[in-house]
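Visitor: Be aware that the sequence shown starts at 998, since it is given in my numbering, and climbs by one per residue.
The beta carbon of each residue, even a glycine, is placed where N, CA and C say it ideally should be.
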Amino acid sequence: MRASLFVALPRHPLLRAVVLVAGAVLLAGLVAMGLLIGAAVVALAALVMLVRRWLNGRNRRPTEPGIIEGEFTVVPRASLPRAD
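1. Whole angstroms is fine: what's the gap from ASP1081's alpha carbon to ILE1064's?
2. Can you tell me whether VAL1015 is helix, strand or coil according to DSSP?
3. Reducing DSSP to helix, strand and coil, say where GLY1020 ends up.
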């Protein structure tokens, strides 16, 4: 079972070194491609957020500083405490 998990390297020392170097280069290439793709995704997400903010900001009316927006509920007068 354990032997099936490992790759059989060649017995010749020079060929073994070439296979190990090729594996290391392949691993480094995959890591570099992953980093480039990740950076591209982050840059694309930042660009989308910037464009959305720019598009939403053009149609927004300037708000007056004395107005507070919110949701309010009308409370029946009977449930309020008495003001003595």
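Guide: Concretely, from the data shown:
1. 31 angstroms
2. helix
3. helix
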